[in-house]
Structure formats: structure tokens, C-alpha cells
Ligand SMILES: Nc1ncnc2c1ncn2[C@@H]1O[C@H](COP(=O)(O)OP(=O)(O)OP(=O)(O)O)[C@@H](O)[C@H]1O
Ligand SMILES: [Mg+2]
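Residue numbers (the working numbering): 104 to 232.
1) Which of the three DSSP states is assigned to residue 151 in this structure?
2) Taking 8 Å as the cut-off, decide whether the C-beta atoms of residue 172 and residue 121 are in contact.
3) What's the gap between the Cα of residue 207 and the Cα of residue 139?
4) One question on the structure: do residue 112 and residue 183 come within less than 8 Å of each other, judged by their Cβ atoms?
5) I'd like the span of the alpha helix (DSSP H) that includes residue 126, first residue to last.
6) List the whole-angstrom C-beta distance separating residue 177 from residue 219, where the pair is believed to meet the contact cut-off of C-beta under 8 Å.
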């Protein structure tokens, strides 16, 4: 199953976007993890990409199959990240979001195209046959 929604890039939209993710993945034992991952991906799109500028927007796509789910958050950013997540030092106040995603997700990545970028994360869970 695949569900896609485009949201305006306003900080106040984060709870709605999280709620959207939880609504789709409510039956998954990884719903809490995916909700946290979603919040970090979405706040990054709003804080660090053109999504957060006037009339900016970002898209959230959830793909899910039995035992597996993937979230993709896309914005029109160039894909150049300054700073990069691996520049974070232990006492920095910011730079935690991607580390949280790395800790919670089974796989995550960052794809760049001519028109924008997508940051994605996947989780899996055991299913009863
Ligand atoms: N969608 C994005 N567009 C542009 N840059 C991004 C995006 N996502 C992440 N980045 C870059 O990666 C850096 C690290 O992201 P991360 O979420 O780890 O930290 P942060 O957003 O700076 O702080 P925190 O999430 O702890 O509030 C960001 O500071 C930013 O430079
Ligand atoms: Mg962040």
C-alpha cells in the first residue's frame, strides 16, 4: 500500500503530519518509531529546505507491506547539507535528528534528483505466518 500527502511547510503542521503517519501505521509494532522518524524528517524539511519558505511545501509518502514500512519526505532542496549530520559534536544543541533516525530505522538514506531531494527511512517487524 502507498499513501502520499503534500503538506504546507509550516511548523504548526508537524503534529498533523505525524498523526497522518500514525493513522496509516497504527497496526504496526513500529508505529512509535515511525512517528518519531516522521517528526524528525518533517522538521528537517521545514527548517532546512525551501519547504519552510513562503508557500513552501513537502510531501510525505508511506509505503507499507506486511512486516515492513517506509517513509519518504520530499522537498525541493538542492541536496547540499551544511552542516552534514556527521559534523555533530557530542555537546552540540542541534544535529540530533538524523542520529535519532539512524538509531531507530533499519535503513535510511538521502536521494537527490534534479528537482529536489528525498530523505527516507525503513523499518521492519516480525509477522505471524
Ligand atoms: N531536508 C533537509 N534539507 C536540507 N538540509 C537538511 C535536511 N535534513 C537534514 N539536513 C541537514 O542535516 C543537518 C543535520 O540534521 P539533524 O536533523 O541531524 O540536525 P538539526 O536539524 O540541525 O538539529 P535537530 O534535529 O537536533 O534539531 C541539518 O543541520 C541540515 O544541515
Ligand atoms: Mg533536525
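All C-beta atoms in this analysis are idealised placements derived from N, C-alpha and C, irrespective of residue type, glycine included.
By the coordinates alone:
1) helix
2) no
3) 9 Å
4) no
5) 117 to 128
6) 6 Å
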